[in-house]
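Visitor: Below you'll find the structure I mean.
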Amino acid sequence: MKHILFESLVLTTIFAAGAYAAQGDGMGLQPGVLPTSWITGGPNCATVPDWQIHEYNEDFYILRESGCTNYEKPFLYLIFGQDKAILEDTGAGAGVQTAPFVADLLTKWAKKKGRAGAVPLIVIHSHGHGDHTSGDKGFQAMANVQFVAATPEDVQKAAGIAKWPTDLGTIELGNRTLDVIPIPGHHTASIAIYDRLTGNLLTGDSLYPGRLYAPEDAWQDYAASAQRLADFVLAHPIAHVLGTHIEQSRIAYADYPTGTTYQPNEHVLELTRAHVLELNQAFLNQQGKPAVVSLPDFTLMARPQRAARPAGAAAKGPGTN
61 MKHILFESLV LTTIFAAGAY AAQGDGMGLQ PGVLPTSWIT GGPNCATVPD
111 WQIHEYNEDF YILRESGCTN YEKPFLYLIF GQDKAILEDT GAGAGVQTAP
161 FVADLLTKWA KKKGRAGAVP LIVIHSHGHG DHTSGDKGFQ AMANVQFVAA
211 TPEDVQKAAG IAKWPTDLGT IELGNRTLDV IPIPGHHTAS IAIYDRLTGN
261 LLTGDSLYPG RLYAPEDAWQ DYAASAQRLA DFVLAHPIAH VLGTHIEQSR
311 IAYADYPTGT TYQPNEHVLE LTRAHVLELN QAFLNQQGKP AVVSLPDFTL
361 MARPQRAARP AGAAAKGPGT N
C-alpha cells in the first residue's frame with residue numbers, strides 16, 4: 061500500500077509540475093521558456109561558441125559552457141534583481157574566461173534596462189568541485205563583486221543561515237528573494253537555490269539528469285539533504301528543477317560516458333518536483349546503505365570514502381562533478 065501511495069504522489073506531482081511549467085504565472089510565478097535542446101560540443105567545434113546564452117526570461121539567464129571547452133559542459137545561472145545580480149558557479153577548465161563574459165552580460169542587461177551602470181554581482185557556488193569553481197579568480201579580481209567561497213561557513217554567513225545544514229537562508233537581490241537550502245552530501249558545501257519569482261529550483265550536482273555521486277561516508281548527509289529538499293518542494297510551487305549538468309540521454313536508464321563532449325540526443329535540462337521526491341524515496345529505500353540505484357532519469361551512485369587531504373587541497377581525478 062505504501063508503494064502504491066508513493067507512486068500516486070509522484071504521478072500527481074508530475075502533473076502539477078507540468079502545470080506550473082506551462083502556466084507559470086498561474087501561481088503568481090513569472091513565466092519563462094526553456095529550449096528543447098542545448099548546444100553540447102560539436103560535432104564540429106569550429107562552429108560551436110564557448111558559451112550558449114539562454115534567456116529564460118529577461119531577468120533569468122542560463123549559461124552553458126561548451127563541451128569543446130570542457131567535457132563537463134556545466135550550466136551556470138545568472139539572476140537579476142532590482143539592486144543586485146547573482147551568478148551561481150564560475151565554470152570548468154583551467155583556462156575558462158567566465159568573468160569577462162559575465163561582465164559583458166551585466167553591461168548589456170543594464171543597457172537594456174536603461175540603467176547607468178551594471179548592478180553589483182554576488183558570486184556563489186552550487187558546491188566546491190573544480191568544474192564549478194575554475195573561473196573564481198577572474199571574479200575575485202573584479203570590482204563590485206561579493207565573492208562567496210564554496211564552504212559551509214561562507215555560504216552560511218552570506219545567506220544568514222542560523223544552523224548549518226538544517227536551517228534555510230535567504231539572499232536579497234532587490235524585489236527578488238532567493239531561498240538557500242543547505243544540501244550537503246555530494247559536497248560538504250552543496251546548496252540548492254529557490255527563486256521565489258519564477259519557482260525555479262537550482263539543485264547543482266545533487267540532482268540533474270545524470271550520475272549523482274556521494275562518498276560512502278557522506279551517504280547519510282546526502283539522504284538527510286534529499287529529505288530536506290523533498291520537504292521544501294512539497295511546500296512551494298515548483299516550475300522547474302534545474303541542475304548543473306546533463307549526462308543522461310533521452311532514452312530512459314541510458315547515459316553518456318564520462319568525458320563525452322558531443323551529446324546529440326541528450327535529456328532535457330529541466331526536471332520536476334516528482335524527481336525530487338523520487339531521489340528522496342531512493343535514499344529511503346536503501347535504509348542508509350550506500351548503493352547504485354538506477355532510475356529512468358538519473359542514477360544515484362556511492363563512491364569510496366573521501367580520502368583525507370591537506371587543508372586547502374582540491375579534489376582531483378575524474379568525476380568531480
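Residue numbers (this note's numbering): 61 to 381. Glycine included, every Cβ here is placed at the ideal spot set by N, Cα and C.
1. In three-state DSSP terms, what is residue 160?
2. Taking DSSP as the reference, what is the three-state secondary structure of residue 121?
3. Which of helix, strand or coil does DSSP assign to residue 339?
4. Let me know the alpha helix (DSSP H) ranges lying completely inside the segment 217 to 302, each 4 residues or longer, listed in chain order.
5. Under the DSSP definition of a beta bridge, which residues are partnered with residue 354?
6. Indicate the three-state DSSP secondary structure (helix, strand or coil) for residue 115 in the structure shown.
7. Helix or strand or just coil, what does DSSP make of residue 214?
8. May I ask you to report which of helix, strand or coil DSSP gives residue 165?
9. What number of angstroms, rounded off, separates the C-alpha of residue 160 from the C-alpha of residue 207?
10. Grab me the residues of residue 218's own chain with a C-beta within less than 6 Å of its C-beta, minus the 5 sequence neighbours each way, in chain order.
11. Go to residue 206, then tell me how far its beta strand (DSSP E) extends in each direction, as first and last residue.
12. Quick test of your reading: residue 351 and residue 362, contact by CB under 8 Å. State the CB separation rounded to the nearest angstrom.
13. I'd like the list of long-range same chain contacts for residue 93, defined as Cβ closer than 7 Å, with 5 residues on each side in sequence excluded.
14. I need the DSSP call for residue 308, collapsed to helix, strand or coil.
15. Can you tell me which residues form a DSSP beta bridge with residue 137?
16. Got a sec? Which residues, its chain only, sit under 8 Å from residue 163 by beta carbon, not counting five neighbours each side?
17. What does DSSP give as the partner residue(s) for residue 143 in the beta ladder?
18. Alpha carbon to alpha carbon, how far is residue 110 from residue 347?
19. Mapping the DSSP letters down to three states, classify residue 196 as helix, strand or coil.
20. Among 166, 144 and 237, which one has its Cα closest to the Cα of residue 259?
21. Would you kindly work out how many angstroms separate the C-alpha atoms of residue 120 and residue 289, rounded to a whole number?
Guide: Looking at the coordinates:
1. Here residue 160 sits in helix by DSSP.
2. Here residue 121 sits in strand by DSSP.
3. Under the three-state reduction of DSSP output, residue 339 falls in the helix class.
4. DSSP runs (the alpha helix (DSSP H)) wholly in the segment 217 to 302: 279 to 294.
5. 359.
6. Per DSSP, reduced to three states, the secondary structure at residue 115 is strand.
7. Here residue 214 sits in helix by DSSP.
8. Per DSSP, reduced to three states, the secondary structure at residue 165 is helical.
9. Residue 160 and residue 207: Cα-Cα distance of roughly 15 Å.
10. These residues qualify, in order along the chain: 208.
11. From DSSP, the beta strand (DSSP E) with residue 206 extends over 205 to 207.
12. About 6 Å separates the two Cβ atoms, so the contact holds.
13. Apart from the 5 residues on each side of it in sequence, residue 93 sits with its Cβ closer than 7 Å to the Cβ of 116 in its chain, given in chain order.
14. The DSSP-derived three-state label of residue 308 is strand.
15. Looking at the DSSP output, residue 137 sits in a beta bridge with 122 and 148.
16. Taken in chain order, the residues that qualify are 178 and 202.
17. Answer by DSSP bridge pairing: none, since residue 143 is not bridged.
18. Their backbone Cα atoms lie some 43 Å apart in a straight line.
19. Three-state DSSP puts residue 196 in a helix.
20. Nearest neighbour of residue 259 by Cα position, chosen from 166, 144 and 237, turns out to be 237.
21. Roughly 22 Å separates the two Cα atoms.
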